[in-house]
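Note that the working numbering has the sequence shown beginning at 68, numbered continuously upward.
Below: one structure, written as structure tokens.
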Amino acid sequence: MPQTKKLPEDVDWNAFVQQPDNKTEGILAEPTKKRILHVKRNFQKFSSKLNPPKYEHWIKNITLRLIEGFLRWYLNEHNMKYQSGFLVFARDFRIFWCEEMDRLFPYDLRRRMTRAGYHPSIMNARN
Numbered sequence: 068m069p070q071t072k073k074l075p076e077d078v079d080w081n082a083f084v085q086q087p088d089n090k091t092e093g094i095l096a097e098p099t100k101k102r103i104l105h106v107k108r109n110f111q112k113f114s115s116k117l118n119p120p121k122y123e124h125w126i127k128n129i130t131l132r133l134i135e136g137f138l139r140w141y142l143n144e145h146n147m148k149y150q151s152g153f154l155v156f157a158r159d160f161r162i163f164w165c166e167e168m169d170r171l172f173p174y175d176l177r178r179r180m181t182r183a184g185y186h187p188s189i190m191n192a193r194n
């Protein structure tokens with residue numbers, strides 16, 4: 068097994084840990100960026116129908132009910148018929164939220180959203 072390279076003995080570790088973190092950005096493919104922009108525009112349209120009609124308020128106060136309402140609205144507006152397209156759109160919504168909020172999607176909400184996607188009252192309501 069190759070040995071790791073040794074650093075010089077005179078490293079100031081205190082100065083090292085005091086430095087700001089390196090900036091990292093998600094690397095998204097162009098088609099993914101376009102889909103996320105599509106989700107954002109649709110979420111802005113949807114949230115303009117809510118009270119308050121400010122998309123920033125709703126993106127910060129995300130709930131499963133809000134997500135379900137948005138997905139139902141989207142299904143209605145775009146006459147979506149296939150569950151696979153619905154699941155991709157729901158996944159793109161989570162990516163959009165993470166990009167917008169610059170943090171991970173809440174774990175519990177993600178689990179509940181996944182369960183709702185596989186047993187979607189949303190899809191059944193359309194038929």
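Backbone N, C-alpha and C define an ideal beta-carbon position, used for all residues, glycine too.
| Item | Value |
| --- | --- |
| Counted within 10 angstroms of its Cβ, other Cβ atoms place Trp-125 as buried (16 or more) or exposed | buried |
| Cβ shell of Gly-136 (< 8 angstroms), same chain only, five flanking positions each side left out | Phe-113 |
| Neighbourhood of Gln-111 by C-beta, 8 angstroms cutoff - its chain only, sequence neighbours within 5 removed | Tyr-122 |
| Residues of its chain near Arg-179, where Cβ-Cβ distance is below 8 angstroms and the 5 sequence neighbours each way are ignored | Leu-131 |
| Three-state class that DSSP yields for Asn-194 in the structure shown | Because the pLDDT at Asn-194 is just 42, under 50, the model does not fix this residue reliably, and the value given afterwards should be weighed accordingly. Residue state, collapsed to three classes: coil. |
| Proximity below 8 angstroms, CB of Trp-164 to CB of Phe-172 | yes |
| Endpoints, alpha helix (DSSP H) assigned at Glu-76 | Per DSSP, Glu-76 belongs to no alpha helix (DSSP H) and is neither H nor E. |
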